[in-house]
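Visitor: Below you'll find the structure I mean.
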Amino acid sequence: MPSNQTKQLDIQVAHLSRLGEWLYPEKSATKRLTVATVAMQCARDVTENRQRISNIVQRIMREHPDTELVLFGEMVSGWYNPQAMIQAGSNISEPIPGKTTELLSDLSRKYAIFLSCGLSEKADDGYHNTQVLINPQGEIQAIHRKWNLKLAEREAGYVPGAKPITTTEIKGLKVAMMICSDSAHPRTMRELLRSGAEVILFSLADDRDEKWFVAKAQARMYDAWIVTANRYGQEHHYWNGHTVISDPLGRLRKVSVDQEGYLVHTLKIATGQSRARRLLRYTCVKAPLVVHILRNWRILKSYYQ
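Laid out in structure tokens, this is it:
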């Protein structure tokens, strides 16, 4: 990593159009956040996965010491298979705080970074598919429990969270957190549109995004930077690890697929723009979204079959 596809995107985005720079002037950005997002190959054993998480964070910080946030995908504490979660849950689930969050806290303090990771949480009311965010002081800053659970997850004893998204603040940025199928529900879409989030952290256990349809659609929809993290490799079936960093104009800035590794990018958040410029950006970004959906309606339909 980065792949050839990532390099091609970097070259393409390096030559931004004058209109794109005017609509979203990154050169004058007043807020920045350097993120690393991971496509991780998971083991069955939670202890081994803790070690893998530690090794990946250490590698990222060694190779990119300016990184400020590291994002891991959905439930990377073990293999993810909703049809067998009743057994997996008892093996990989733990309370929060617990051993894994203690490790994450140690890493966050050591490197002075934010660290977000997907875990199987054992709570009084059952299991939760949970994403935690640890701040540089090693404190649990935010917890998001997956709200829009799949039927198999419910049948396996997993309990939905209380809300479709969780919002928090990182370095003065409004950040929203969600997990995989949360994004497919209309209420989640409505909450994200209302949230005013500048960055969306989106953890996945997903094995497809044909033609990057979902990534492009969501980037245009929410007027926010979107950072996804995924899992990679052969478990009960193959996870292709598709991972994306996209900007508020709907451009895919970094992508990776069919490999384990990580992407790094500095998000540059343009603020203080005039109402006219925001309105024009809204028009230029939203109008192509309708065309994008209509041209790819077969792909959209397949997600609901």
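In this text, residue positions in the sequence shown follow the working numbering: the first is 1305, and each later residue adds one.
Don't be surprised by glycine CBs; every beta carbon is placed ideally from N, CA and C.
#1: Once you ignore the five residues that flank R1348 on each side, which residues in its own chain have a CB closer than 7 Å to its CB?
#2: Run through DSSP, which three-state label would A1392 get?
#3: With burial defined as no fewer than 16 other Cβ atoms inside 10 Å of the residue's Cβ, what is the status of E1406: buried or exposed?
#4: Looking only at C-alpha atoms, which of A1509, M1525 and V1463 sits nearest to T1492?
#5: Just how far apart, CA to CA, sit C1588 and A1488?
#6: If we ignore side chains and look at the alpha-carbon of each, how far apart do R1494 and Q1435 end up?
#7: Could you compute how far the alpha carbon of I1360 sits from the alpha carbon of T1404?
#8: Which same chain residues, not among the five before or five after K1311, have their C-beta less than 7 Å away from its C-beta?
#9: What separation, rounded to the nearest whole angstrom, lies between the Cα atoms of Y1586 and I1530?
#10: Kindly indicate the opening and closing residues of the alpha helix (DSSP H) around Y1246.
#11: My assumption, with CB atoms under 8 Å, is that G1377 sits in contact with A1509. Please give the rounded CB distance.
#12: With burial defined as no fewer than 16 other Cβ atoms inside 10 Å of the residue's Cβ, what is the status of Q1391: buried or exposed?
#13: Which class does L1269 belong to by DSSP, given the choice of helix, strand or coil?
#14: Distance check for K1426 and P1399, CA to CA, integer angstroms please.
#15: From this set, V1350, M1482, Q1522 and H1368, which residue's C-alpha is nearest V1568's C-alpha?
Guide: Let me spell this out:
#1: On the sequence shown, residue 1348 is found 44 positions in, with the first residue counted as 1. Closer than 7 Å at the Cβ level, and outside the excluded window around R1348, lie G1382 and W1383.
#2: As a working mapping, residue 1392 is identified with position 88 in the sequence shown. Bear in mind that the predicted position of A1392 carries a pLDDT of just 47, short of 50, making it too unreliable to give a figure here.
#3: Position 102 of the sequence shown holds residue 1406. Exposed, because fewer than 16 other Cβ atoms sit within 10 Å of the Cβ of E1406.
#4: Here the question's residue 1492 lines up with position 188 in the sequence shown. Of the candidates A1509, M1525 and V1463, the one whose C-alpha sits nearest the C-alpha of T1492 is M1525.
#5: Mapped onto the sequence shown, residue 1588 falls at position 284. Mapped onto the sequence shown, residue 1488 falls at position 184. Using only the alpha carbons, I get a separation of about 24 Å.
#6: Counting from 1 along the sequence shown, the entry for residue 1494 is found at position 190. Counting from 1 along the sequence shown, the entry for residue 1435 is found at position 131. Each residue's Cα considered, the two are about 21 Å apart.
#7: Here the question's residue 1360 lines up with position 56 in the sequence shown. Here the question's residue 1404 lines up with position 100 in the sequence shown. Taking the straight line joining both Cα atoms gives about 14 Å.
#8: Taking the sequence shown and counting its residues from 1, the one referred to as residue 1311 is at position 7. Its pLDDT being 48, under 50, K1311 is placed unreliably in this model, and the value from its coordinates should be taken loosely. Contacts found: none.
#9: Reading the sequence shown from its first residue, position 282 is the one you call residue 1586. Reading the sequence shown from its first residue, position 226 is the one you call residue 1530. Distance between the alpha carbons of Y1586 and I1530 is about 17 Å.
#10: Because residue 1246 is not part of the residues shown, which for the chain are 1305 to 1609, the question remains open.
#11: Your numbering for residue 1377 matches position 73 in the sequence shown. Your numbering for residue 1509 matches position 205 in the sequence shown. Indeed, because the Cβ distance is near 6 Å, the residues count as touching under 8 Å.
#12: Working through the sequence shown from its first residue, we reach residue 1391 at position 87. With a pLDDT of only 48 at Q1391, under 50, the local geometry of the prediction cannot be trusted, and no value is derived from it.
#13: Past the edges of the chain, shown from 1305 to 1609, lies residue 1269, and the structure says nothing about it.
#14: Sequence index remark: in the sequence shown, residue 1399 carries index 95 (1-based). Sequence index remark: in the sequence shown, residue 1426 carries index 122 (1-based). Cα to Cα, P1399 sits roughly 5 Å from K1426.
#15: For this step, residue 1568 is matched to residue 264 along the sequence shown. Of the listed residues, the one whose Cα sits closest to V1568 is H1368.
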